[in-house]
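For the sequence shown, our numbering begins at 14 and goes up steadily by one. The beta carbon of each residue, even a glycine, is placed where N, CA and C say it ideally should be. First up is the structure itself, then whatever we jot down about it.
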Amino acid sequence: MADQTKPGAGFANIRIFDTTLRDGEQSPGMSMNLKEKIEMAKQLERMGVDIIEAGFAISSPGDFISVRTVAETLKNCTVASLARASAPDIDRAWEAVKVAEDPRLHIFLATSPLHMEYKLRMTPDQVYEQAVEMTKYAKKYCANVEFSAEDATRSDIDFLAKVVEGVIAAGATTVNLPDTVGYTTPEENYRFFLTAREKAPSLNKIAISAHCHNDLGLGVANSLAAIRAGVTQVECTINGIGERAGNAAMEEIVMALYVRKEEYRAETNIITSEITRSSDLLTRITGVKVQPNKAIVGENAFAHEAGIHQHGVMQNALTYEIMTPASVGLKESNLVLGKHSGKHAFGERVKSLGYTLTDAELITAFEKFKVLADKKKQVYDKDIEAIVAKETVQVPKTFTLRNFVINSGNTITATAVITLMKDNKQIERVARGDGPLDASFKAIDKIIGTDLCLEDFKLNAVTEGEDAMGDALVIIKNESGNVYSGRGLSTDIVEASIHAYINAVNKMYYEEKS
Ligand code: KIV
Ligand code: ZN
Numbered sequence: 014m015a016d017q018t019k020p021g022a023g024f025a026n027i028r029i030f031d032t033t034l035r036d037g038e039q040s041p042g043m044s045m046n047l048k049e050k051i052e053m054a055k056q057l058e059r060m061g062v063d064i065i066e067a068g069f070a071i072s073s074p075g076d077f078i079s080v081r082t083v084a085e086t087l088k089n090c091t092v093a094s095l096a097r098a099s100a101p102d103i104d105r106a107w108e109a110v111k112v113a114e115d116p117r118l119h120i121f122l123a124t125s126p127l128h129m130e131y132k133l134r135m136t137p138d139q140v141y142e143q144a145v146e147m148t149k150y151a152k153k154y155c156a157n158v159e160f161s162a163e164d165a166t167r168s169d170i171d172f173l174a175k176v177v178e179g180v181i182a183a184g185a186t187t188v189n190l191p192d193t194v195g196y197t198t199p200e201e202n203y204r205f206f207l208t209a210r211e212k213a214p215s216l217n218k219i220a221i222s223a224h225c226h227n228d229l230g231l232g233v234a235n236s237l238a239a240i241r242a243g244v245t246q247v248e249c250t251i252n253g254i255g256e257r258a259g260n261a262a263m264e265e266i267v268m269a270l271y272v273r274k275e276e277y278r279a280e281t282n283i284i285t286s287e288i289t290r291s292s293d294l295l296t297r298i299t300g301v302k303v304q305p306n307k308a309i310v311g312e313n314a315f316a317h318e319a320g321i322h323q324h325g326v327m328q329n330a331l332t333y334e335i336m337t338p339a340s341v342g343l344k345e346s347n348l349v350l351g352k353h354s355g356k357h358a359f360g361e362r363v364k365s366l367g368y369t370l371t372d373a374e375l376i377t378a379f380e381k382f383k384v385l386a387d388k389k390k391q392v393y394d395k396d397i398e399a400i401v402a403k404e405t406v407q408v409p410k411t412f413t414l415r416n417f418v419i420n421s422g423n424t425i426t427a428t429a430v431i432t433l434m435k436d437n438k439q440i441e442r443v444a445r446g447d448g449p450l451d452a453s454f455k456a457i458d459k460i461i462g463t464d465l466c467l468e469d470f471k472l473n474a475v476t477e478g479e480d481a482m483g484d485a486l487v488i489i490k491n492e493s494g495n496v497y498s499g500r501g502l503s504t505d506i507v508e509a510s511i512h513a514y515i516n517a518v519n520k521m522y523y524e525e526k527s
């Protein structure tokens, strides 16, 4: 493998280890159900991620099932499960991940004085013993074992080097030195990895990994500094989601290497034109939008507002654009189909947008397309993507909307009459509320017999224009404190919002049953 720290070496191939489904998903408001995780995992595989960390198998039965299902589903990348350095954790992780084409066990144990004394209540000698013993234990199951020294960047470097040498001798094939609390800086992280390689020379024979959190906003810069210092794997998440301020954003690391390949002497296997779709899918699933000025995937990342910039870009895009929108998969909204288009043409378009739907999903998506094409003058790729992406992460529809009637105005209290279908039966309730949406949501609460708390509500237009579809997002919390997001699409924003609320309720039913 090329070592880009050596003069004259070729380009190093940096392995992308995506932890959106584990470190990303474990942060508040980012939880995904099984279907959503599978859909996200398939997209990560499609974009060329090398290793997908599917979850922390022992943490809950739900996590176990999702790690196992991701492991069964993906064929073209390594699938990892996280485990603490303990036998029961490793047993459970292996049970979940062993069905993968290329499984990996990822075990971790903290090595910093703070973590050893206050969290683990273990002496350094005990930590060393456990790290080595558990690596050997994991190795009995799996050839591919990653060891992470949690809080590595705040560890004593000589002790860390001893642990690293110990776990490599025990069989670790990747060693990850995380900046767990996002404390380091680029210069320091660069020196840290060079020193680690010097003090633990066996690192140079295996894969070395960086895992940088973003508490000081330096996650990506620290990952790039680690790459400069010779790491061969970086751990990151789509949109930078993750604990607290998040993890290093994959799209930013990948595009920094893509645009400044000569500078870093490194490249990745990521298909960069899949970046936007991955980011959009995650946003759709979690309901959490990235900030508009976020690098690479923010709404404004390729927008040129100032006249002088627009003029320059029109003359030659390179004046103000360091990468093309197409390189990250941003397409011009193009007119595709109309109300006379048939199912075949619709299916072909869906395929060319990169989606694989089951027959049943295609039929439902096509019905939705027809309804939309009737209401909307022009149907764009973005409209189709919004319909299809929602369809692919659809949970069973315990409730569906039959109809709604709303009476609202600025001098009366809003009243909503909502009729839902459940098991082929109509259920109708009336409620009054503070505006049409509040009244509608209360009527749905009456139907399901629970008081749900509306945690968040957002409404966006899918495309531009007066007849644009509204894309509503609701986040609800039930009495047990569990949070569910739902999305709804319609050219009528009240209808979109009601659909979104019902979608969240259906997810709640689905999760409670599984
Ligand atoms: O941040 C961290 O240290 C982790 C480890 C479990 C790899 O997420
Ligand atoms: Zn982490």
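With contacts defined by Cβ atoms closer than 7 Å, V247 and A223 form a contacting pair. The beta-bridge partner set that DSSP reports for N519 is empty.
Spatial neighbours of L295 in its own chain (CB-CB distance under 6 Å, excluding positions within 5 residues in sequence) are listed in chain order as I251 and N252.
The Cβ neighbour count for E477, taken over all protein chains shown within 10 Å, is under 16; the residue is labelled exposed.
Remark: the shortest separation between the CB of H224 and any heavy atom of the ligand KIV falls under 6 Å. Judged by pairs of C-beta atoms under 8 Å, the stretch 357-370 does not touch the stretch 480-497, as fewer than three such pairs exist.
Inclusion of A513 and G494 in the CB contact set at 7 Å is not warranted, their separation being larger than that value. When rounded, the separation of the alpha-carbon atoms in A452 and K435 is 20 Å.
Per DSSP, P116 is one residue of the beta strand (DSSP E) stretching across P116 to A123. Under the rule that a run must span 4 or more residues, the alpha helix (DSSP H) segments found entirely inside the stretch 212-295 read 232-241, 263-272 and 274-277. Going by C-alpha positions, S292 is about 19 Å away from L87. Distance from the CA atom of A220 to the CA atom of T187, rounded to whole angstroms, is 5 Å. When DSSP reads this structure, E66 sits in a beta bridge with A93. The three-state secondary structure of F417, taken from DSSP, is strand. Y393 and A100 have their C-alpha atoms spaced approximately 53 Å apart. Its Cα nearest to that of A109, the residue A67 stands out among A314, R257, A67 and A239. Here the stretch 40-49 lies against the stretch 294-313, with 3 or more beta-carbon pairs under 8 Å apart. Non-local beta-carbon contacts of N227 in its own chain, meaning distances under 7 Å to residues more than five positions away in sequence, involve G195, G253, A258, G259, N260 and A261 in chain order. Within 10 angstroms of the beta-carbon of K390 lie fewer than 16 other beta-carbons, which makes it exposed. In the same chain as L270, and ignoring 5 residues on each side of it, the C-beta atoms closer than 7 Å to its own belong to I27, Y277, A279, E280 and T281, in chain order.
Comparing alpha-carbon positions, the option among A330, P20 and A185 lying closest to E146 turns out to be A185. Distances from the CB of D192 to the heavy atoms of the ligand ZN are all 6 Å or more. Contact check for S72 against L47 fails: the beta carbons are separated by 7 Å or more. Around the beta carbon of A106, 16 or more other beta carbons sit within 10 angstroms, so the residue counts as buried. Leaving aside the five residues that flank A182 on each side, the residues in its chain whose CB is nearer than 8 Å to its CB run, in chain order, V145 and S215.
Under the three-state reduction of DSSP output, P74 falls in the helix class.
Between I440 and E468, the beta carbon gap of about 25 Å keeps them out of contact (Cβ cut-off 8 Å).
Along the stretch 158-218, the alpha helix (DSSP H) occurs as fully enclosed runs of 4 or more residues at 170-182 and 199-212, listed in sequence order.
Every alpha helix (DSSP H) of 4 residues or more that sits fully in the stretch 25-59 is shown, in chain order, as 47-59. Residue burial is scored here from C-beta neighbours: R273 has fewer than 16 other C-beta atoms within 10 angstroms and is therefore classed as exposed. With fewer than 16 other Cβ atoms inside 10 Å of its own Cβ, D138 counts as exposed. For S365, the uninterrupted alpha helix (DSSP H) segment begins and ends at K356 to S365. Assigned with DSSP and collapsed to three states, R442 falls in strand. A22 carries a coil assignment under DSSP once its states are collapsed to helix, strand and coil. Between P199 and S161, the C-beta gap is not smaller than 7 Å, which leaves the two residues out of contact.
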